[in-house]
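Each protein sequence line maps, in turn, to chains A and B.
Position in the first sequence (from 1) plus 749 gives the number in this note's numbering.
Position in the second sequence (from 1) plus 99 gives the number in this note's numbering.
We treat Cβ as the ideally placed atom computed from N, Cα and C, and that holds for glycine.
Have a look at the structure below, then the notes.
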Amino acid sequence: MGEVTRLGEGLRAYRLIAGMWIRSSLTYRASFFLTLIGNLVVTGLDFATILLMFTQVDRLGGWTMPEVAFLYGLSATAFGFADLVFGSLDVLGTRIRDGSFDTLLVRPAPVLAQIGADHFALRRLGRISQGGLVLAYALTAIDVDWTPEKVLLVPVTVAGGAVIFCALFLMGATFQFVAGDAAEVQNAFTYGGTTLLQYPPTVFGKDFVRGVTFLLPLAFVNWIPAAHILGRPYPLRLPEWTAWAPPLVAVAGCALAGLAWRVGLRSYRSTGS
Amino acid sequence: MFIEVDGVEKVFEVRKKTGFLKRERRQVRAVDELSFTVARGEMVGYIGPNGAGKSTTIKMLTGILTPSGGRLRVAGIDPSRERTKLAHRIGVVFGQRTTLWWDLPLIDSYRLMHRMYRIPDARYRENLDRLVELLSLDTLLDVPVRQLSLGQRMRGDIVAALLHDPDVLYLDEPTIGLDVISKSKVRDFLRELNEEHGTTVLLTTHDLQDIEQLCSRVMVIDHGRLMYDGPLAGLHEVGESERTLVVDLERELPPIDMGGAARVVKVEGPRQWLAFPASESAAPLVARVAAEYPLVDLSVREPDIETVIAKMLHSLGDTPKPPSDRTTA
């Protein structure tokens, strides 16, 4: 099967299974709406902590409140999309342990699509809308000389960031083939990643910034493109063009994660009985 | 041959902690040089003690696990390399875990199969009607799966595994936990499926009656090796297993004397237990007891599968016997 048909098959299976999960969650309507509201409130409080900080200080690492909101909006929206699509990959460990992963392997559909769509939850739209709202506010509040190039960079950054987070989710999931119960390790990198990106790179140590630029390419999710748009110095004095690197980093990250996933799947050993 | 297994091995590496940060690696052979073939339309019972390698074999045949060595083909397909292609040809029922959607009506799970397997509409409708009727699920299609009984759910899973007309059906403990009526419904259905549609069936079970009523051929596996491959009667012979005739007499009597045909193993008031070879018919023995003793009631008990296998393994000295060259149609 060619890669393109595989991708098509995967998307189709994803759509089918996600649809089943949406309908399952709607059988408990009250619970569905309550968790949706709860999700909005909790993610809303997330940004409130940053606002709270700015009641005490004018600048954070030299960045103003709208600028930090811009970072927050870019990262939260990108993460929201990745979480919607691949957020359930952390159930892989549980599925492997209870043996239900086997039932996915006998279906005529790519396993990654099946496990990605597992427990698909529309309530995760809450995070995207909250991130989107903060981003919309930030775009009106930041002081920028908008050029067509900078305008275009905003959606490209969100899309690239979403794919980078997807690659991280996939990497984390692959790790669960090796270590049975590594869901929390995965969450540390994904949820932890988006939290640290809400703060300007200038508040972190240089070695740490190096790590999240070259090892885990988190800096490409928002720090570097945001620095370009805001006309601020790049972290680590990276060259000017790296602001447009997120799509490249995203593709490279996905290729690497996809390869790791295949190796992991092939070494899958299943449980006894 | 429809299923070909030739010298297949599966080795797991087990890491054991032997101290702080120290680990010992040990290799465990779950399946060892396993070879057998199954012809199209055969119905084979695959049995063995827990941990013998049954599930590992099934998982390799379905493409879930990659063999460590040897050659494996199902319908000409290498399962682990062409997993999704194989999926269209096989149906799998995992006895202890359902693939049905817990919160949704039963029919929704079938609609998903319809689309996921791209079953043509007409064929889907025809198969669904037929299967649902045969397994008496017609009135339950709109019931959420979580409200079904264990037996209904098992039958529901069997329907789900057959909607796409697979050539081969793997069943892992299909009757485990079911009541007598559900068991016989499942067995009747499987027999008909095999006879009418020629579906090849491979089932693992702990229930000797499943095998007795369904399978013309049994394969026994132990320590990852094939210990026996042949008809069930032969298994009884090798294992010298015994059935038990329980007789209720009119009054307490000394142990019944049937010469070499049977021996009394237990006496409790007017009730006596007689053991006789499982490979022989009970009829002559029953006739003789009835003629010579004041008989009130009787029943025949089958040996359980663990006993039969244990006896067989014991009589073979627990050494693998080379599988016979069988060619069954």
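Since I206(B) meets chain A, which of its residues come closer than 7 Å, beta carbon to beta carbon? Counting from 1 along the second sequence, the entry for residue 206(B) is found at position 107. Contact annotation for I206(B) against chain A: no contact, minimum CB-CB distance about 12 Å [criterion: below 7 Å].
So for R214(B), helix, strand or coil by DSSP? Counting from one through the second sequence, the residue named residue 214(B) turns up at place 115. Three-state result, R214(B): helix.
Interface flag, W200(B) vs chain A, CB-CB below 7 Å: Reading the second sequence from its first residue, position 101 is the one you call residue 200(B). Output row for W200(B): interface = yes.
Taking a contact to mean a Cβ-Cβ separation below 7 Å, would you say V364(B) touches P354(B) in this structure? Here residue 364(B) refers to the residue found at position 265 of the second sequence. Here residue 354(B) refers to the residue found at position 255 of the second sequence. Result no, Cβ atoms of V364(B) and P354(B) do not sit closer than 7 Å.
If distances are taken between C-alpha atoms only, which option among S398(B), D202(B), E379(B) comes closest to Q246(B)? Counting from one through the second sequence, the residue named residue 246(B) turns up at place 147. Minimum Cα distance to Q246(B) is reached at D202(B).
In terms of residue numbering, what span does the alpha helix (DSSP H) encompassing V791(A) cover? Counted from its first residue, the first sequence places residue 791(A) at position 42. Here the alpha helix (DSSP H) through V791(A) covers 778-803.
What residues from chain A crowd round A151(B), counting only those whose CB sits closer than 7 Å? Counting from 1 along the second sequence, the entry for residue 151(B) is found at position 52. Here the premise fails: no neighbours, minimum Cβ distance about 11 Å.
Does DSSP put Q925(A) in a helix, in a strand, or in coil? Position 176 of the first sequence, counted from the start, is the residue given in the question as residue 925(A). It is helical.
Does the beta carbon of P857(A) come closer than 7 Å to any beta carbon on chain B? As a position in the first sequence, residue 857(A) is number 108, starting the count at 1. Interface residue, yes.
Within the continuous beta strand (DSSP E) that includes W372(B), where are the two ends? The residue given as residue 372(B) occupies position 273 in the second sequence. First-last of the beta strand (DSSP E) with W372(B): 370-376.
Where does the unbroken alpha helix (DSSP H) through Q935(A) begin, and where does it stop? Translated into positions along the first sequence, residue 935(A) becomes position 186. Counting along the chain, the unbroken alpha helix (DSSP H) around Q935(A) starts and ends at 932-945.
First and last residue of the uninterrupted alpha helix (DSSP H) at V231(B): Counting from 1 along the second sequence, the entry for residue 231(B) is found at position 132. First-last of the alpha helix (DSSP H) with V231(B): 220-233.
Using the rule of at least 16 other Cβ atoms within 10 Å of the residue's Cβ for burial, across every protein chain shown, is T798(A) buried or exposed? Within the first sequence, numbered from 1, the residue matching residue 798(A) stands at position 49. Classification of T798(A): exposed, given that the 10 Å Cβ count is below 16.
Please say whether L917(A) and W1010(A) have beta carbons closer to each other than 7 Å? As a position in the first sequence, residue 1010(A) is number 261, starting the count at 1. As a position in the first sequence, residue 917(A) is number 168, starting the count at 1. No, they are not a contact pair.
If you run the structure through DSSP and keep just helix, strand and coil, what is L809(A)? As a working mapping, residue 809(A) is identified with position 60 in the first sequence. In this structure, DSSP gives L809(A) an extended state, which the three-state scheme calls strand.
Thinking C-alpha only, which one of E758(A), A999(A), R778(A), L775(A) is nearest A911(A)? For the purposes of this step, residue 911(A) is taken as the residue at position 162 of the first sequence. Residue nearest to A911(A) within the set E758(A), A999(A), R778(A), L775(A) is A999(A) (criterion: CA-CA distance).
Look up F111(B) in the DSSP assignment and give the residues it is bridged to. As a position in the second sequence, residue 111(B) is number 12, starting the count at 1. According to DSSP, F111(B) bridges with V127(B).
Can a CB atom of chain B be found closer than 7 Å to the CB of G759(A)? Against the first sequence, residue 759(A) aligns to sequence position 10. Cβ-Cβ to chain B under 7 Å: no for G759(A).
Hey, is H322(B)'s beta-carbon within less than 7 Å of any beta-carbon in chain A? As a working note, residue 322(B) is residue 223 in the second sequence. By this cut-off, H322(B) is not an interface position.
Inspect the beta-carbon positions of R128(B) and G323(B) and report whether they are closer than 7 Å. Here residue 128(B) is taken as the residue at index 29 of the second sequence, counted from 1. Here residue 323(B) is taken as the residue at index 224 of the second sequence, counted from 1. Taking 7 Å as the cut-off, the Cβ atoms of R128(B) and G323(B) count as close.
Helix, strand or coil: which one does DSSP assign to S134(B)? To locate residue 134(B), count along the second sequence from 1; it is residue 35. When DSSP states are grouped into helix, strand and coil, S134(B) belongs to the strand group.
Of the choices S414(B), R222(B), G276(B), P166(B), whose alpha-carbon is the least far from that of R252(B)? Residue numbering aside, residue 252(B) sits at position 153 when the second sequence is read from its first letter. Ranking the options by Cα distance to R252(B), first place goes to G276(B).
Backbone CA spacing between I408(B) and T183(B) [nearest angstrom]: Position 309 of the second sequence, counting from 1, holds the residue named residue 408(B). Position 84 of the second sequence, counting from 1, holds the residue named residue 183(B). If you draw a straight line from the Cα of I408(B) to the Cα of T183(B), it comes to about 36 Å.
Rounded C-alpha distance that separates M100(B) from A174(B): Locating residue 100(B) in the second sequence gives position 1, where the first residue counts as 1. Locating residue 174(B) in the second sequence gives position 75, where the first residue counts as 1. Straight through space, the alpha carbons of A174(B) and M100(B) are spaced by roughly 8 Å.
Simplified DSSP assignment, three categories, for T427(B): Along the second sequence, one-based indexing puts residue 427(B) at 328. Because the pLDDT at T427(B) is just 35, under 50, the model does not fix this residue reliably, and the value given afterwards should be weighed accordingly. Shown here, T427(B) sits in coil according to DSSP, grouped into three states, outside any helix or strand.
Check the Cβ of G848(A) against every Cβ in chain B and list those closer than 9 Å, keeping chain order. As a working mapping, residue 848(A) is identified with position 99 in the first sequence. Listed along chain B are F193, Q195, R196, each with a C-beta nearer than 9 Å to that of G848(A).
Any beta strand (DSSP E) of 3 or more consecutive residues that is wholly inside the stretch 132-199 of chain B: Runs found: 142-146, 168-173, 189-193.
Start and end residues, alpha helix (DSSP H) containing L765(A): In the first sequence, residue 765(A) corresponds to position 16, counting from 1. Where L765(A) is concerned, the enclosing alpha helix (DSSP H) stretches over 752-775.
Just the Cα atoms here: how many angstroms apart are A976(A) and L775(A)? As a first step, residue 976(A) must be located in the first sequence, where it is residue number 227. As a first step, residue 775(A) must be located in the first sequence, where it is residue number 26. Between A976(A) and L775(A), the C-alpha separation is close to 42 Å.
Does the beta carbon of S1022(A) come closer than 7 Å to any beta carbon on chain B? Translated into the one-based positions of the first sequence, residue 1022(A) becomes position 273. The predicted model places S1022(A) with a pLDDT of 42, which falls under 50 and marks its position as unreliable; any figure quoted below should be read in that light. With 7 Å as the cut-off, S1022(A) counts as an interface residue toward chain B.
Below 8 Å CB to CB, which residues in the same chain sit around K955(A) once its five sequence neighbours on both sides are set aside? In the first sequence, the residue the question calls residue 955(A) occupies position 206. Exclusion of the five residues before and after K955(A) leaves L985 as the residues of its chain whose Cβ lies within less than 8 Å of its Cβ.
Taking the straight line between their C-alpha atoms, what separation do you get for L854(A) and V934(A)? As a working note, residue 854(A) is residue 105 in the first sequence. As a working note, residue 934(A) is residue 185 in the first sequence. If you take the alpha carbons of L854(A) and V934(A), they lie about 25 Å apart.
Mark V817(A) as exposed unless 16 or more other C-beta atoms lie within 10 angstroms of its C-beta, in which case mark it buried. In the first sequence, the residue the question calls residue 817(A) occupies position 68. It is buried - the Cβ of V817(A) has at least 16 other Cβ atoms within 10 Å.
Does the beta-carbon distance from T299(B) to V279(B) come in below 7 Å? Taking the first residue of the second sequence as 1, we reach residue 299(B) at position 200. Taking the first residue of the second sequence as 1, we reach residue 279(B) at position 180. V279(B) sits away from T299(B), with the two beta carbons spaced by 7 Å or more.
I need the straight-line Cα distance from Y209(B) to A762(A), nearest angstrom please. The residue labelled residue 209(B) in the question sits at position 110 within the second sequence. The residue labelled residue 762(A) in the question sits at position 13 within the first sequence. Each residue's alpha carbon lies about 15 Å from the other.
Quick one, are the C-beta atoms of T156(B) and V137(B) less than 7 Å apart? Translated into positions along the second sequence, residue 156(B) becomes position 57. Translated into positions along the second sequence, residue 137(B) becomes position 38. For T156(B) and V137(B), no; Cβs fall outside 7 Å.
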